[in-house]
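The structure appears right after this line, and notes come after that.
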Amino acid sequence: MSAAGSGGGADGAATDDANGSSSPPAAKRTAVLIFNPVSGTGDGEADLKAILAVLEREVTVHVVQTTADCEPGDLARTALDEYAPDVVIASGGDGTVGAVASALIGREGVVLGVIPRGTANALSAALGIPTELTDAAQVCLSSNSWTIDVGRCNGVPFLLLVGIGYEADVVQTADREMKRKYGPLAYMFSAGQRALEHTTFEVHYTATADDGSELVGTMPGVAAVTAANAAPWSSVLAQGLGEPVPDDGLLEVMAYTPETGLDMASTVANVFFSAVGLGGSPDEQPVNVHGGKARKVKLACTPPQKVVLDGEMVGETPVEIELERGAVRLLVDSPELQAAREHDYKERLMEALADKGETVLEKVQHGAASIGSTVKGVFTDNTDEDIEAQVEAEVREDEQSRNDAEAEKATAESK
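With the first letter of the sequence shown counted as 1, position 182 gets the number 182 in UniProt numbering; the numbers rise by one all the way through.
Here is the structure:
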C-alpha cells in the first residue's frame, strides 16, 4: 500500500489493496442539520457558515432551515424519510432540540447531534453538550454516543423535566430578555423572585416503582412538584435527590412543602448550594423536601396547577408522566472530556460563589435576603452593599404587596 493511498483513504479518496488494485472511496456519512436561523442572539447566517465549515470536512450535510410555520419535529421527520441520514443535528434553542429529538424516537440507527444556540440552553447544560459553536459541531462528528431515556407527559415527549406550580411560575417569570442576558442563571433569579410569592395546593399521586409496585397518597401544602429525566443545576428544584440520571429508566420526583415564603426561599438556597457543591449532600435536605424515584407517576392537584415541560407551558394538571427507556441516542464528547469540562465549569462556579455563598445562604435562611438578588449579584460583580440594598428593597416590596393584598381582602370581606 502506497503512502499516498493510505493517507487518501482517510479523506475518502481511493486506496490500493494488497494486490495493487484500487478500491472505491469510503462513503461519507450523511447528516441532516435542522437549523433555526432566529435562535439566540447571534448572527444566524454567520453561525451556519461556521457550523458547516466544521461538519463538511467529514460528512455530507443537508441543511433544513426552520420557519415560523414549520415545526422542527415535522421537518426532521420529513428529512429522515427523504435523506435517510446517519445523523440528525439540531441547532437552535431548547425548543428546537427537543422537537427534533422527539422525531428520532423509535428511529434505530439514527443518532442525534446538538449544537446549542438558544438563550438558556438548559438541555445542553444537562446533557454535557459544549455551548461553544464549533466545539459542539465537532462533537457531532464524534463516534461517542449516549443512549438516554425520553419522558412523556400526557403523551408529549420531553428530555428534561415536568414542573408543576412554583416551577412553572419560575419559567414564566424568566422572560426571553433575562435568558438572553444571563442564560441558565435566569431561572435562578426568577426562582428568587417567585419564592416569597408562592401559593400551595394539594397533590393526589400514584407513583409506580421500577418493580411495578404502586404508592398512592395525598400531600397537602405543596408549593412545587418536579418529575425529572435530566436537569441542569439551574433547575434547582429537580436537584433535591442530587443530579437526575437520564439513562436509568426512572423519573426523579420531588415535592416541596414550605410553610412560608421565606421557608421556600431558604429551601431553594439549600438545594442550589448543595447542587453546586457548596452545601450539604442531598440526604441532608430540609424536612419540607420530599422525593423518590418512579417509572411512572400520575398527579392531580387541588386546585389545578400550571404545568411546564422542558421550558414550555403545556396546560394544567392532571398529568400522567412516564419514561421510555433508551429512546434516543445522543452524540457526546468522550467521558474524559465531559468530566474535564464539568470539573472546569464547577471550579469556576465555586470560585465565583466561594466568597459570598456562605453569607448568601445564611442570609436567606434567616429571612434577610432574596436568593434571586444575591445570586444575581455574584454573577454581575455587584458589591456586598449593592446586593444587600437590592435585597432589602425587594423584601420591603414583597411585604408591601402582601400588606396591600390583605387590606384589599379585609375591605372586600367587610362589604
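All C-beta atoms in this analysis are idealised placements derived from N, C-alpha and C, irrespective of residue type, glycine included.
Does DSSP put LYS28 in a helix, in a strand, or in coil? coil
Apart from the five residues just before and just after ASP333, which ones in its own chain have a Cβ nearer than 6 Å to its Cβ? VAL139
For PRO116, three-class secondary structure by DSSP: strand
Unbroken beta strand (DSSP E) run spanning THR208, endpoints: 201 to 208
Take THR66 and list the residues in its own chain whose beta-carbon comes closer than 6 Å to its own, dropping the five residues that flank it on each side. ASN36, PRO72
Taking its Cβ as the centre, do 16 or more other Cβ atoms sit within 10 Å of ARG117, making it buried, or is it exposed? buried
CB-CB under 7 Å to ALA77, same chain, minus the five flanking residues each way: which ones, in chain order? Rather than Ala, the amino acid found at residue 77 in this sequence is Arg. Result list for ARG77: ALA103, in chain order.
Secondary structure at SER102, three-state DSSP: helix, strand or coil? helix
Determine, using beta carbons only, whether SER124 and VAL114 come nearer to each other than 8 Å. yes
Could you pull out every residue in the same chain whose Cβ sits closer than 8 Å to the Cβ of ILE105, ignoring the five residues on either side in sequence? VAL150, PRO157, GLU324, ALA327, VAL328
Length of the line joining the Cα atoms of LYS409 and PRO220: 24 Å
Could you work out which residue in VAL225, ASN229, TRP146, ASP211 is closest to residue 445 when comparing CA atoms only? Residue 445 is absent from the model: the chain starts at 1 and stops at 415.
Where does the unbroken beta strand (DSSP E) through PRO220 begin, and where does it stop? 214 to 222
Below 8 Å between beta carbons: does that hold for ARG107 and VAL59? no
Decide if ASN121 is buried, meaning its Cβ has at least 16 other Cβ atoms within 10 Å, or exposed. buried
GLY155 versus GLY44 - alpha carbon distance: 33 Å
What's the gap between the Cα of ALA300 and the Cα of VAL307? 11 Å
Extent of the continuous beta strand (DSSP E) to which GLY165 belongs: 161 to 165
Report, in whole angstroms, the separation of the C-beta atoms of ASP94 and ASP247, which I expect to be a contact under 8 Å. At roughly 19 Å, the Cβ-Cβ gap does not stay under 8 Å, so ASP94 and ASP247 are not in contact.
Run through DSSP, which three-state label would ALA84 get? coil
Output the boundary residues of the alpha helix (DSSP H) element that contains GLN65. Where GLN65 is concerned, there is no enclosing alpha helix (DSSP H), although the beta strand (DSSP E) it sits in stretches over 59 to 65.
Is any non-hydrogen atom of the ligand COA found closer than 7 Å to the C-beta of GLN305, if you look at the structure I gave you? What this structure holds is no ligand at all, so the ligand COA is not there to describe.
Please classify GLU56 as buried or exposed, where buried requires at least 16 other C-beta atoms within 10 Å of its C-beta. exposed
Reducing DSSP to helix, strand and coil, say where ARG152 ends up. strand
4-residue-minimum alpha helix (DSSP H) runs that sit fully inside the stretch 247 to 335, ordered along the chain: 261 to 275
By how many angstroms is the C-alpha of VAL271 removed from the C-alpha of LYS356? Model confidence at LYS356 stands at a pLDDT of 47, short of 50, so the residue's coordinates are unreliable; what they give is reported in the following sentence. Distance between the alpha carbons of LYS356 and VAL271 is about 16 Å.
State the start and end residues of the unbroken alpha helix (DSSP H) segment that holds ALA122. 122 to 127
Check the C-beta distance from LEU161 over to ALA227 and give it rounded, since I have them as a contact under 8 Å. 6 Å
I'd like the list of long-range same chain contacts for HIS290, defined as Cβ closer than 6 Å, with 5 residues on each side in sequence excluded. ALA255
To which residues of the same chain is LEU52 closer than 7 Å at the C-beta, ignoring the five residues directly before and after it? VAL61
CB-CB under 8 Å to THR96, same chain, minus the five flanking residues each way: which ones, in chain order? ILE34, ASN36, SER39, THR66, PRO72, ALA90, GLY118
Pick helix, strand or coil for ALA68, following the three-state DSSP scheme. coil
When you compare each of ALA79, ALA101, LYS293 to THR206 by their alpha carbons, which one comes out closest? LYS293
Rounded to a whole number of angstroms, what is the C-alpha to C-alpha distance between GLY92 and GLU259? 40 Å
Going by other Cβ atoms of all chains shown within 10 Å of its Cβ, with 16 needed for buried, is CYS70 buried or exposed? exposed
DSSP state of THR411 mapped onto helix, strand, coil: helix
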